[in-house]
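Under the working numbering, the first residue of the sequence shown is numbered -19, with each subsequent residue one higher. In what follows, a single structure is set out as C-alpha cells and then discussed.
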Amino acid sequence: MSSLRSMTGHGRGSASLHGIKVEVDLSTVNRKQLDINVLLPRQLGGLGPRVDEVIGKGLSRGRVTGEVSVQFSPVLRRRGARVDVELAEAYLKGLRKAAGRLRLRDDFTGIALLTLPDVVRYEQPARESEKVWPALERALNQALGNLLKMREREGGVLWRDVEKRLGRIETRVQRVRVEAPKVAARYREKLVARLKAAEIPMDGADERLLREVALFADRADITEEVTRLQSHIEQARALMKSAEPVGRSLDFLVQEMFREANTMGSKANDADIARNVVAIKTELDRIKEQVQNIE
C-alpha cells in the first residue's frame, strides 16, 4: 500500500468563531526544502510565525503559498472603524484648490470624502489578533488537512508509476544476471575469430589465449554491481512503504542505481548487456523525474 506523498497539492479551509470568519487557501509545489509564504491581512502579520509553525508540523518539503482572509461581524467592524479627519481635511483642501484653479464648482460632500483612499479604515487593535487566532488555527488545520489528502492521492499515482518502473528494471537486472556468465565465452569466440581472420595460428587451449580470456573475465565481472542494483531496488520498495517523508532517500537511491548501471555497461563491454543497461537507465530517468515531486 502506498504511503508516498506528492509535493503538489491544494487545500482550503474556513472557520467562524465569535463573529470572526476566516478562510485559508493553501497550495504547494515541489522544492527541496520547506519554503512557506502565506499572505496575511496587514493587521494579523504578527500571527505569521504561528501559521508557519502549524504548516511546518504537517509538511517537510515543498514551496507553500497561500492567503488568509478575515471577515468581522458588523459589531466588530464598528468597534474598529476609524475616520482619518486630518487626511480628509488634506483631501478637501487639495480638491478645493484644484477646483478653484480649474474653475469648477465647489460641491464636495462628506459622503464623497469618505470614499477617498484611507479616509475610512478598519484598525484592529493588536490584542484582537489573539481573538482571531482560534478561528484562523481551525481554518488553517482544515486547509492543511485537505491539502495533505490531495498530496496523498497524488502520491498514490506516483507510487504506482515508480513501482511499475522498478519492476521493469528488476526484469532487466535478471536478464543481465543470466547473460553475465556468457560474456567471457562470447569474448573468447570473438578473439579466436579475429586471430583466425588474421591467420594467426593458435590452439583453443593456448595458454596466452586462456590468460587473455581470464583477464577479460575478471575485468568484465559485474556480479557485485548486479547484486547492489537488486539491493537498491529492494531498498526503494521498502522506503515507499515508510510513513516518513522519503523523497530525498529515493533520490539518493536513484543516483546509486544510475552509478551501478553505468559501471555494469562499461565493465561488461557486451552488446546484449548494453541493451539491458540502456533500458534500465531509461526507466531510472523516468523514476528520477517522479522522485523530484515526492515529499
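Beta carbons are placed, not taken as given, at the ideal position from N, Cα and C, and that holds for glycine. All figures in this text were calculated on a predicted structure; none of them were measured in a lab.
| Check | Outcome |
| --- | --- |
| Nearest-angstrom beta carbon gap, E275 and R(-15) [assumed within contact, 8 Å] | 4 Å |
| Sub-8 Å separation of D231 and V271 beta-carbons | yes |
| Extent of the continuous alpha helix (DSSP H) to which A216 belongs | 203 to 220 |
| Simplified DSSP state of V156, which is helix, strand or coil | helix |
| V34 vs E117 beta-carbon contact at 8 Å | yes |
| Three-state class that DSSP yields for V234 in the structure shown | helix |
| Segment limits, beta strand (DSSP E) that includes G46 | 42 to 52 |
| Boundaries (first-last residue) of the alpha helix (DSSP H) holding V65 | 65 to 82 |
| Identified DSSP bridge partners for G136 | Looking at the DSSP assignment, G136 forms no beta bridge with any residue, so it has no partner. |
| Assigned secondary structure, G(-9) (DSSP; H/G/I helix, E/B strand, else coil) | strand |
| V34 - partner residues in DSSP beta bridges | In the DSSP output, where bridge partners are listed per residue, V34 has none listed. |
| Beta-ladder partner(s) of L116, from DSSP | According to DSSP, L116 bridges with nothing at all. |
| Touch test, the segment 243 to 252 against the segment 122 to 141, Cβ-Cβ under 8 Å, three pairs minimum | no |
| Backbone secondary structure at K111 - three-state DSSP | helix |
| D250, enclosing alpha helix (DSSP H) - first and last residue | First-last for D250: undefined, no H or E at that position. |
| Other residues of its chain near K111: CB distance less than 8 Å, five sequence neighbours each side excluded | H(-2), I0 |
| Check whether V44 and L6 have beta carbons under 8 Å apart | yes |
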